[in-house]
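Be aware that the sequence shown starts at 1, since it is given in UniProt numbering, and climbs by one per residue. Every residue gets a Cβ at the ideal spot worked out from N, C-alpha and C, and that includes glycine. As the structure is a computational prediction, the values presented were derived from the model and not from experiment. Read the structure below first, then the notes.
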Amino acid sequence: MNLLHKAFVKRYDVAFGINTYGALHVLNFAKKCIKLKVHLHASTAYVSSEKGGNILESPLHMEDMPKGTTRLDINAEKEVAEEYLDRLRVQGDTNEEITSTMKDLDFKRFLRILQNMLKFL
């Protein structure tokens with residue numbers, strides 16, 4: 001049996017903008033701060049119900065990815081979100097319909113990415 005709980009679901013375009021480009025904008029801002037000595041990014045995205053304490057991350061290098069897996073193309077994902085949003089607006093969908101559809105898209109894209117991530121386990 002598989003169980004996936006989705007209590008927090010944002011519109012795909014909003015979530016993508018916050019989670020992906022938000023971090024990029026902060027990094028770009030930090031690069032412009034001449035006197036900055038350290039830029040620390042703390043993420044709460046990693047959750048494990050089987051481990052306790054600190055879970056240290058190790059960098060993932062592209063050459064370490066298993067053969068046959070696809071990598072996430074951030075610009076392509078942004079285009080997907082923008083195309084969906086444009087199509088919904090052209091159709092004349094209401095804000096409520098747009099929000100509902102974009103939340104569904106967020107979940108579908110998440111499942112697609114999750115399937116690729118599970119190949120690492």
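{"Asked": "Is the distance from the Cβ of Y12 to the Cβ of L105 below 7 Å?", "Found": "yes"}
{"Asked": "Are the beta-carbon atoms belonging to A81 and F16 less than 7 Å from one another?", "Found": "yes"}
{"Asked": "Select from D93, T101, R109 and L40 the residue whose C-alpha is nearest the C-alpha of L24.", "Found": "L40"}
{"Asked": "Could you check if L111 is buried or exposed, using at least 16 other CB atoms within 10 Å of its CB as the buried criterion?", "Found": "exposed"}
{"Asked": "Does DSSP put M102 in a helix, a strand or coil?", "Found": "helix"}
{"Asked": "Thinking C-alpha only, which one of R109, I34 and K31 is nearest D73?", "Found": "R109"}
{"Asked": "Any idea if L88 is buried or exposed, counting beta-carbon neighbours within 10 angstroms, 16 or more meaning buried?", "Found": "buried"}
{"Asked": "Provide the residue span of the alpha helix (DSSP H) that contains Y84, from first to last.", "Found": "I74 to V90"}
{"Asked": "Only counting the same chain, and skipping five residues up and downstream in sequence, which positions put a Cβ closer than 8 Å to that of A30?", "Found": "L36 and H39"}
{"Asked": "Considering K31, what are the terminal residues of the alpha helix (DSSP H) in which it resides?", "Found": "G22 to K32"}
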